[in-house]
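**Q**
Protein chains in written order, with full-length UniProt numbering: chain A, 1 to 310; chain B, 1 to 310; chain C, 1 to 310; chain D, 1 to 310.
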């Protein structure tokens, strides 16, 4: 029974190849997480268990796919950055996106019980967080190409500013509701038209909350990446947006004169060994990037215990 | 802190919209399942627990996404067919593919323990199937558009023929190894150049196995769909490929004169109520399709207890 | 001097392949023809010389690319339909679109002097239509896939209805201006909110013009296609949208079991010989299509002198 | 007669938007120019009339589309580079490609008679170059995005190296045939396996031809661009690939903080005024680019008579 008669249907398949020499960002988003977070009783405005689960799943993805340089997460979304010169899956878009989405989902479901520990059958609260087939967490995803280092930096800044704006709003909103006794509608009305300083003021004067003392995980989101010994700003030169060219010739060379397969394997292996950390830190200013040139170059940094004497 | 400065990065995002009035097939594939099936000790040539897990996950997806008419699975792959006139996610490709992949993955991981029951710590065998963070199952996926009913039928036939070819090979191969005592290399060598009848003969003469008595799940794969009362071939007219036009005017009408949102909701609701079944059955011949016209029309069939008196 | 060092840039090229088994429509549009028609003094509301030039250029394209079944033109736009099973340029989109656009442009420029004959240097009028490097006519284009015969028919109907709507408006508008002495602004204001019957009435009562007596080229646009002996409606059965399935099995067969290269060449050759005609005729109703089944089947019809005796 | 019934067909149209912040190259190629050049008796290995016609058409395109910074042509192909930050046609691919192709074709056909002057009916030779409807010149085209300045430079280098390789081969080949009396097959055989120095040697020793004295138009191809006052290498700093970052911050700024519409119009206008020149010059080395920083920055340079005193 030959299959040739039907095989022509393969001609309907299409592979989109992402433009070479661009940074690839895969962003995943929780599907219907508003409903899901109610269903499982996530705490408002932030549930540290849920955020830690996101971070664990992201760490799993970064470990599983060494081509990912850095990941940034806030709320129920996470962005994964693939090295500019990556040839992962020959840069086939569907393969890259679905692999990230599937790996993230698998880890999120698998680690659920770790982050929402199921107590003995003592109370309804604990029971509420038991994962249920009726409401499984799922994520959609997309890939976007950014042609320059500045574009990539701006993308990540965009997400972190968004984190700040949303978290300040949510923190104030839920303070008004939970501590101020307002209805959600009243709180929403109350915040209409306010700017950042207004919300800071409300938090401070009415609830004695200094927003800047809120946990950094809430205010800055989470950054997952391989950590090596930090570089001095002075020793490395600027690696911020102004100095965006610093390694571009290298990048260029990498493209026109691609590194050998052996080198690539070596880099891959070195990356696998590196420690993947989760930080809650400013990634808008240059400092973070200047100290970690490997995030841009894609080459492994120096081991952490090899810290330069200052 | 306005975000407008960075928001331009959104202009780099692209949404691919799948061509209207075409059947959408999302096919997912297990990633590295050769390795994974060794790791967890899946039985060869077929592990009924693993196949049932695939079927459960697929059923979960079909229930979660009523726009899916039918799904066909074999080994570690599954194809999901979306109705020709679906407007799910405005037919955005990435959204459709990642949602299917993520839903499937979530269910697969979640249901793992159901299908590979963890016995008390009595033996290594049981332990071997405990899901482990080092080897989480993941799936990639892709979407393909098929413009005609015949193309779609041929796609599904292609997969089922493939199932047959692979399963006959694998059954013979593992019989030679497990019962015949051959090395895998010797068995491979032995089967080189053989045709179907040769393999049937080997199974029968050397191992007393009549291939046609092998479980249908192995020989035909699994078909997941909403079941209604079967239609008579006579009463419905042919709905096979030859009669492919039967409902095309309807399809056409649906496109040019789209059903109202209320009607769509009603159909969606009716579909949610329908029973989703898993069969191991021939989907290459017309019979299956003629008896189930709703798979093509996208409209709910008659309830099962409304079976016509023959 | 080897070129290998730079050749990697080829990897940035992408070829989009149009979905198989769909009708391909390439629509070209005059760029800036409002300005161009003023510059060369085209007559309003219709300049027969300019329309004939469009038709000649379209005929040239249909002759040059036998895979085109039919073309429909109105004003400064033309749509070219490629056979559903065409493999022209392996269905590469850019190649198909640019070839049609370039062939059309070349013919339009080349034939200009035929359609706007340059009289001896007697007057400014004649001089006005001399093609000038400052204002060369150019066209942009796009390709669209239509998965079903009905979609294709609806596309063509859309263009012909558009022709009717625009031409009725323009005819009335210019009557008001040219014969009624209105300013263009006044005429525009006058027509605001009018429906078809109002415009017919204005033409008839104020200018004694029966719109239905206007030239068919203006009212119906132009249809360019290969003509064979017309078929009886009775003998062929319906080939309209209702009977859209009539040749779909054939189409299907053509896809799954593609015609041999020899057959394709034969068809191509037969097509080259066929007479390409330009008609101004209704293509919305079924009649046109029922009489010309070759437009749908893609196979050559019977020679014209082989007309059946009625 | 409302058109709404058919208008749904618009939903089948797709617009591909080229990735922002990338250099866009539109490359056009003569279709079937091997045959066409025989038909019209183009001289071998190079026909200066045909090359000048290509250059005139390219100049027309560069003048008509001020967003084009530079164009490079060889044989029957031409590449047009659009500014990295161009928003021409909202970066819609089909619109950009077809506009370039159509403009080029129109100019090529229109200018034909200028480049192949039709002598009085004195001889067959002159008659041979009269443009004929049976063999109209047409061009196909494609657009490619290059994310970095280095990628763009490498693309242009690739084309110029190709020009060199092909021209050296053709020059030697036709010398063997035309002056050496070889058949084409023999000449081809003779050149098999030869490297550049071999061909140079053949030309010199057998035909007394010093390849380096061949016209630069043949050896280097043609570069069409807006000329301003050249900059000193010293004064501008390097603008070659090594110094590729020189204006990248500017580019970056342009993206995140786009120039105002007024500024864009001003630049457009300035460009329209600039003189478009055609040179036959090395564009592989940095010198050409260092002297003409406006080709990279996209901003107009200083007027030519404003040449700095050295």
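The C-beta atom is built at its ideal place from N, Cα and C for all residues, glycine as well. Just so you know, these numbers come straight off a predicted model, no measurement behind them.
1) Give me the residue from D:153, D:64, D:107 with the minimum Cα distance to residue 296 (chain D).
2) Who pairs with residue 77 (chain B) in a beta bridge, going by DSSP?
3) At a cut of 8 Å, does the segment 23-41 of chain D reach the segment 162-181 of chain C through at least three beta carbon pairs?
4) Per DSSP, what kind of secondary structure is residue 19 (chain B) in: helix, strand or coil?
5) What are the residues of the segment 66-90 of chain A that lie near chain D, defined by any Cβ-Cβ distance shorter than 7 Å?
6) Can you tell me where the alpha helix (DSSP H) holding residue 177 (chain B) begins and where it ends?
7) Looking at the structure shown, is residue 89 (chain D) part of a helix, part of a strand, or coil, going by DSSP?
8) Quick one: is residue 152 (chain C) near chain B, going by C-beta distance under 8 Å?
9) Could you give the distance in angstroms between the alpha-carbon of residue 189 (chain A) and the alpha-carbon of residue 176 (chain A)?
10) Can you check which of these residues, D:73, D:292, D:208, D:48, is closest to residue 160 (chain D) by C-alpha distance?
11) May I ask you to list the residues that DSSP assigns as paired with residue 278 (chain C)?
12) Which partner residues does residue 145 (chain D) have in the DSSP bridge list?
13) Can you tell me whether DSSP reads residue 129 (chain C) as helix, strand or coil?
14) Any heavy atom of the ligand MG inside 7 Å of the beta-carbon of residue 178 (chain C)?
15) So the candidates are D:184, D:293, D:12, D:221; which of them puts its Cα closest to the Cα of residue 279 (chain D)?
16) To the nearest angstrom, report how far apart residue 248 (chain D) and residue 14 (chain B) are at their CA atoms.
17) Kindly indicate if chain B contains any beta-carbon less than 8 Å away from that of residue 297 (chain C).
18) Can you pull the chain A neighbours of residue 19 (chain D), defined as C-beta to C-beta under 7 Å?
19) Under DSSP, the alpha helix (DSSP H) around residue 284 (chain B) begins and ends at which residues?
20) Evaluate residue 244 (chain C) with the Cβ neighbour count: other Cβ atoms within 10 Å of its Cβ, from every protein chain shown; 16 or more gives buried, anything less gives exposed.
21) Is residue 12 (chain D) close to chain B, meaning its C-beta is less than 8 Å from at least one C-beta of that chain?
22) Tell me which residue opens and which closes the alpha helix (DSSP H) that residue 264 (chain B) is part of.
23) Does any C-beta atom of chain B lie closer than 8 Å to the C-beta of residue 138 (chain C)?
24) Go through the segment 182-208 of chain C residue by residue and report every complete run of the alpha helix (DSSP H) that reaches 4 residues or more, in order.
25) Check the C-beta distance from residue 137 (chain B) over to residue 106 (chain A) and give it rounded, since I have them as a contact under 8 Å.
26) With DSSP run on the structure shown, which of helix, strand or coil describes residue 139 (chain D)?
27) Pick helix, strand or coil for residue 68 (chain B), following the three-state DSSP scheme.
28) Would you tell me roughly how many angstroms separate the C-alpha atoms of residue 75 (chain A) and residue 163 (chain A), rounded to the nearest one?
29) Start and end of the alpha helix (DSSP H) containing residue 295 (chain A)?
30) Within 8 Å (strictly less), CB to CB, does residue 158 (chain D) reach chain C?
31) When we look at the beta-carbon of residue 9 (chain B) and count the other beta-carbons within 10 Å, is it buried (16 or more) or exposed?
32) In three-state terms, what does DSSP make of residue 42 (chain C)?
33) Between the alpha carbons of residue 178 (chain D) and residue 148 (chain B), how many angstroms are there, rounded?
34) Taking the alpha-carbon positions, what's the residue 60 (chain D) to residue 80 (chain D) distance?
35) Taking only beta-carbon atoms, is residue 4 (chain D) less than 8 Å away from chain B?
36) Leaving out five residues before and five after residue 49 (chain D) in sequence, what residues of the same chain have Cβ atoms less than 6 Å from its Cβ?
**A** If we stick to the structure as given:
1) Counting from one through the fourth chain, the residue named residue 296 (chain D) turns up at place 296. Minimum Cα distance to residue 296 (chain D) is reached at D:153.
2) Here residue 77 (chain B) refers to the residue found at position 77 when the second chain is read from its first residue. Residue 77 (chain B) pairs with B:29, B:74.
3) no
4) Counting from 1 along the second chain, the entry for residue 19 (chain B) is found at position 19. It is coil, neither helix nor strand.
5) none
6) The residue labelled residue 177 (chain B) in the question sits at position 177 within the second chain. No alpha helix (DSSP H) holds residue 177 (chain B); DSSP gives it neither H nor E.
7) As a first step, residue 89 (chain D) must be located in the fourth chain, where it is residue number 89. Three-state result, residue 89 (chain D): helix.
8) As a position in the third chain, residue 152 (chain C) is number 152, starting the count at 1. Chain B contact via Cβ: absent.
9) Counting from one through the first chain, the residue named residue 189 (chain A) turns up at place 189. Counting from one through the first chain, the residue named residue 176 (chain A) turns up at place 176. Rounded to whole angstroms, residue 189 (chain A) to residue 176 (chain A) spans 11 Å at the Cα level.
10) As a first step, residue 160 (chain D) is located in the fourth chain; it is residue number 160 there, counting from the start. Nearest C-alpha to residue 160 (chain D): D:73.
11) As a first step, residue 278 (chain C) must be located in the third chain, where it is residue number 278. Residue 278 (chain C) is bridged to C:224.
12) Counting from one through the fourth chain, the residue named residue 145 (chain D) turns up at place 145. Its beta-bridge partners are D:24.
13) Counting from one through the third chain, the residue named residue 129 (chain C) turns up at place 129. Three-state DSSP puts residue 129 (chain C) in coil, outside helix and strand.
14) Within the structure as shown, the ligand MG is missing, as the structure has no ligands at all.
15) If you number the fourth chain from 1, residue 279 (chain D) lands on position 279. Looking at the Cα atoms, D:221 is the closest of the given residues.
16) Residue mapping note: residue 248 (chain D) aligns to position 248 of the fourth chain, counting from 1. Residue mapping note: residue 14 (chain B) aligns to position 14 of the second chain, counting from 1. Bear in mind that a pLDDT of 44 at residue 248 (chain D), under 50, signals an unreliable position, so the number given afterwards is only what the model happens to contain. Near 24 Å, if we compare the C-alpha coordinates of residue 14 (chain B) and residue 248 (chain D).
17) Against the third chain, residue 297 (chain C) aligns to sequence position 297. So no, residue 297 (chain C) is outside the interface.
18) Working through the fourth chain from its first residue, we reach residue 19 (chain D) at position 19. Per Cβ cutoff of 7 Å: 19, 145, 147.
19) Locating residue 284 (chain B) in the second chain gives position 284, where the first residue counts as 1. Taken as a continuous stretch (DSSP letters only), residue 284 (chain B) belongs to no alpha helix (DSSP H), as it is neither H nor E.
20) Within the third chain, numbered from 1, the residue matching residue 244 (chain C) stands at position 244. In this prediction, residue 244 (chain C) scores a pLDDT of 43, lower than 50, which makes its location untrustworthy; no coordinate-derived value is stated.
21) In the fourth chain, residue 12 (chain D) corresponds to position 12, counting from 1. True, the Cβ-Cβ gap to chain B drops below 8 Å.
22) For the purposes of this step, residue 264 (chain B) is identified with residue 264 of the second chain, where counting begins at 1. First-last of the alpha helix (DSSP H) with residue 264 (chain B): 261-273.
23) Numbered from its first residue, the third chain carries residue 138 (chain C) at position 138. Not closer than 8 Å to any Cβ of chain B, the Cβ of residue 138 (chain C) fails to qualify, so no.
24) 184-191, 196-207
25) Indexing the second chain from 1 puts residue 137 (chain B) at position 137. Indexing the first chain from 1 puts residue 106 (chain A) at position 106. Sure, about 6 Å apart at Cβ, within 8 Å.
26) One-based indexing of the fourth chain puts residue 139 (chain D) at position 139. Reduced to three states, the DSSP call for residue 139 (chain D) is strand.
27) Translated into positions along the second chain, residue 68 (chain B) becomes position 68. Three-state result, residue 68 (chain B): strand.
28) On the first chain, position 75 is the one that residue 75 (chain A) refers to. On the first chain, position 163 is the one that residue 163 (chain A) refers to. Those two C-alpha atoms are separated by around 8 Å.
29) On the first chain, residue 295 (chain A) is found 295 positions in, with the first residue counted as 1. First-last of the alpha helix (DSSP H) with residue 295 (chain A): 294-297.
30) As a first step, residue 158 (chain D) is located in the fourth chain; it is residue number 158 there, counting from the start. So yes, residue 158 (chain D) belongs to the interface.
31) As a working mapping, residue 9 (chain B) is identified with position 9 in the second chain. Residue 9 (chain B) comes out buried.
32) Here residue 42 (chain C) is taken as the residue at index 42 of the third chain, counted from 1. Coil.
33) Within the fourth chain, residue 178 (chain D) is the residue found at index 178, counting from 1. Within the second chain, residue 148 (chain B) is the residue found at index 148, counting from 1. Whole-angstrom Cα-Cα distance: 57 Å.
34) Here residue 60 (chain D) is taken as the residue at index 60 of the fourth chain, counted from 1. Here residue 80 (chain D) is taken as the residue at index 80 of the fourth chain, counted from 1. In a straight line, the C-alpha of residue 60 (chain D) is about 12 Å away from that of residue 80 (chain D).
35) Translated into the one-based positions of the fourth chain, residue 4 (chain D) becomes position 4. No, its Cβ sits nowhere closer than 8 Å to a Cβ of chain B.
36) Within the fourth chain, the letter at position 49 stands for residue 49 (chain D). 115, 116.
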